[in-house]
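Enquirer:
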Amino acid sequence: MDDQSGEGTQHKFVDRLRSGLFTLSKRMIQRNLSRIQSNNPAESVTPRQTYDNYGFSLNDNVFARGIIAYEDEFNEKRERRLKRWENMKSKNEWTTSTNPFALKVLIRKGIPDEYRAKMWFQLSGADQLGAQISDLYPRLVSQPLAPEIAQQIEMDIYRTFPTHRNYKRHSAGTQSLKNVLTFCQFCSFGWLHSEFQFPCCDIPWNHGRGVGILDIGTND
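If you're matching positions, the sequence shown starts at 1 in the UniProt record's numbering and goes up one per residue.
#1: Pull up the DSSP beta-bridge partners for tyrosine 51, would you.
#2: Rounding to the nearest angstrom, what Cα-Cα distance links serine 176 and asparagine 61 in this structure?
#3: Using C-beta distances below 6 Å, list every residue in its chain close to threonine 174, excluding the 5 sequence neighbours before and after it, in chain order.
#4: When the Cα atoms are used, what is the spatial distance from glutamate 86 to valine 105?
#5: In whole angstroms, what is the alpha-carbon distance linking serine 124 and phenylalanine 186?
#6: Suppose contacts are defined by Cβ-Cβ distances below 8 Å. Is valine 180 in contact with isoleucine 213 by that definition?
#7: For phenylalanine 161, count neighbouring Cβ atoms within 10 angstroms of its own Cβ and tell me buried if that reaches 16, exposed if not.
#8: Helix, strand or coil for histidine 164 per DSSP?
#9: For the pair the region 105–121 and the region 74–93, tell me if three or more CB-CB distances fall below 8 Å.
#10: What separation, rounded to the nearest whole angstrom, lies between the Cα atoms of leucine 129 and methionine 119?
#11: By the three-class DSSP mapping on this structure, what secondary structure does lysine 142 have?
#12: Would you identify the three-state DSSP class for aspartate 120, choosing helix, strand or coil?
#13: Hey, quick one: how far does the alpha helix (DSSP H) through residue 227 stretch, first residue to last?
#14: In the structure shown, what three-state DSSP assignment does histidine 207 receive?
#15: Mind checking whether tyrosine 115 and phenylalanine 183 have CB atoms under 8 Å apart?
#16: Note the first and the last residue of the continuous alpha helix (DSSP H) segment covering arginine 159.
#17: Helix, strand or coil for glutamate 93 per DSSP?
#18: Just the C-alpha distance for arginine 209 and aspartate 72, rounded to the nearest angstrom, thanks.
As structure tokens, this is what we get:
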């Protein structure tokens, strides 16, 4: 009899615990939804898309407020850095041979968006290499791929940065990423060895190239 009474008490406790957890979970969901939903009912149905400084959507980002606050606070520092870079540009000190130490200090603090592509090309030597093989990119991009590799690339371009405004479906950005991944495929051992497979989960391929397109541009 005591065992049955104990089991009944245990079942009641478990039921109360489940009910309490369900209620708590429901309250947390409602609280989180209230943070991202607009006070205007019309806007909550079709919210206006907002993006951070890098082009990523903030609508479904739980850290949106923090990101916006950080960007607002960082604007003043960003302007100071930009002025330093413009000052170096006016003095023709953008090369490592002119003032390497000052250039290194500025690079470590971050290259402004306006000059990042130019500096990457200059410091990596890509500008000189690109001039030597200017016809290689369009020639390889126009070549047909093996069906399984083409299908894998097609899958990866839409899951690389799905919340970025430049990588929406059928956009110029996704086409550029597709071209770059196709080019990289032919530049790899796959150009010479047919057994090479496209590494869909390798971050340097789709995500690395995606970031490169955002910073450097579609044609470069």
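We put the beta carbon where it would ideally sit given N, CA and C, even for glycine.
Expert: In terms of the structure at hand:
#1: Bridge partners of tyrosine 51: Ser57.
#2: 26 Å
#3: Ile157, Tyr167
#4: Near 15 Å, if we compare the C-alpha coordinates of valine 105 and glutamate 86.
#5: Cα to Cα, serine 124 sits roughly 21 Å from phenylalanine 186.
#6: yes
#7: buried
#8: strand
#9: When Cβ pairs closer than 8 Å are counted between the two stretches, the region 105–121 is seen to touch the region 74–93, the count reaching three or more.
#10: Cα to Cα, the separation comes out at about 15 Å.
#11: This sequence places serine at residue 142; lysine is not what is there. DSSP places serine 142 in coil when its eight states are reduced to three.
#12: Before going further, note that residue 120 is tryptophan rather than aspartate in the sequence given. If DSSP states are grouped into helix, strand and coil, tryptophan 120 belongs with the helices.
#13: No answer is possible for residue 227: it lies beyond the span of the chain, which begins at 1 and ends at 220.
#14: helix
#15: no
#16: 147–159
#17: coil
#18: Their Cα atoms are separated by approximately 28 Å.
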